[in-house]
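Structure record follows, encoded as structure tokens.
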Amino acid sequence: MNLLLKKRGSLASRHSWWLMSVWVYATAGLCSIGLAQPSTPDQAASALNAGNVPDPYSTFQAGVRMFEGDFFHQAGEIFDQWLQFFPDHELHQNVSEYAIWARGEHAVSESDYSKAAVSFSQLLRDYPQSKHRLDHAFGEAWSRFYLQQYERVAEL
882 MNLLLKKRGS
892 LASRHSWWLM
902 SVWVYATAGL
912 CSIGLAQPST
922 PDQAASALNA
932 GNVPDPYSTF
942 QAGVRMFEGD
952 FFHQAGEIFD
962 QWLQFFPDHE
972 LHQNVSEYAI
982 WARGEHAVSE
992 SDYSKAAVSF
1002 SQLLRDYPQS
1012 KHRLDHAFGE
1022 AWSRFYLQQY
1032 ERVAEL
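All residue numbers for the sequence shown refer to the working numbering, where the first residue is 882 and numbers rise by one.
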């Protein structure tokens, strides 16, 4: 499956991305494979009320594993869904940081350096005490370098 996912330009891989969230939830044991993912707020609310919500810690760890495996787009989707399901959880700030970071890294992987610079700049502004601050600064500097914004690179 990894070989298939690394060939992002192929027709088969473009149609296999939807399997990633199913794979993550199934392998992490976060929910039963028969549970459909809610697609509207009403469906999400009914899933919450029915008790079919994955564990927030396991879901966060699954997203981090996706992030560390360079599956930034999928990790971002997991983090965004986490933020919808658990808006008042103690991990909210960490997950929010990872969601923005995943968007930035995904933008870099797609050579969208303008979008990446915005994401990394937001991370530096919103999370000044983060233990990942150097990673965020490097991400913004790298993106700004490709945008030929050398003065901002020197500031970082």
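Idealized CB from N, CA, C, for every residue including glycine. As the structure is a computational prediction, the values presented were derived from the model and not from experiment.
Starting from residue i, follow the alpha helix (DSSP H) in both directions and report where the run begins and ends.
i, result
"ASP936", "Looking at the DSSP string, ASP936 is not in any alpha helix (DSSP H), and its letter there is neither H nor E."
"GLU1032", "1031-1036"
Going by C-alpha to C-alpha distance, which of the options sits closest to residue i?
i, options, result
"TRP963", "GLU949, TYR979, ASP951, TYR1027", "TYR979"
"TYR938", "LEU1037, GLY950, PHE966, PHE1001", "PHE966"
"ILE981", "TYR1027, ILE959, ASP969", "ILE959"
"TYR1027", "ARG1006, GLN1010, GLU991, GLN1003", "GLU991"
"ARG984", "GLU971, GLY1020, PRO1009, LEU1037", "GLY1020"
"ALA988", "THR940, ASN975, LEU1037, ARG1025", "ARG1025"
"ALA997", "ASP1016, ASN975, PRO1009", "ASP1016"
"TYR1008", "VAL976, TYR1031, THR940", "VAL976"
Straight-line CA distance for residue i to residue j?
i, j, result
"ASP936", "ASP993", "33 angstroms"
"ALA956", "ALA1022", "23 angstroms"
"GLU986", "PHE952", "9 angstroms"
"LEU929", "HIS954", "Only weak support exists for where LEU929 lies, its pLDDT of 47 falling under 50; the coordinates are left without a value."
"LEU972", "ARG1006", "19 angstroms"
"PHE1001", "ALA943", "22 angstroms"
"ARG1033", "ASP969", "35 angstroms"
"ARG946", "ASP961", "15 angstroms"
"GLN1029", "ALA1035", "11 angstroms"
"PHE948", "PHE941", "10 angstroms"
"GLN1003", "TYR1031", "19 angstroms"
"LEU1037", "ALA1018", "6 angstroms"
"ARG1014", "GLN974", "14 angstroms"
Residue i by DSSP, collapsed to three states: which one?
i, result
"LYS1012", "coil"
"SER990", "helix"
"GLN942", "helix"
"HIS954", "helix"
"ASP969", "coil"
"LEU1004", "helix"
"LEU1028", "coil"
"PRO919", "Residue placement at PRO919 is flagged as unreliable, the pLDDT there being 46, under the threshold of 50; a coordinate-derived value is accordingly withheld."
"TYR906", "Low local confidence applies: a pLDDT of 49 at TYR906 is under 50, so the model's placement there is unreliable, with the coordinate-based value given in what follows. Here TYR906 sits in helix by DSSP."
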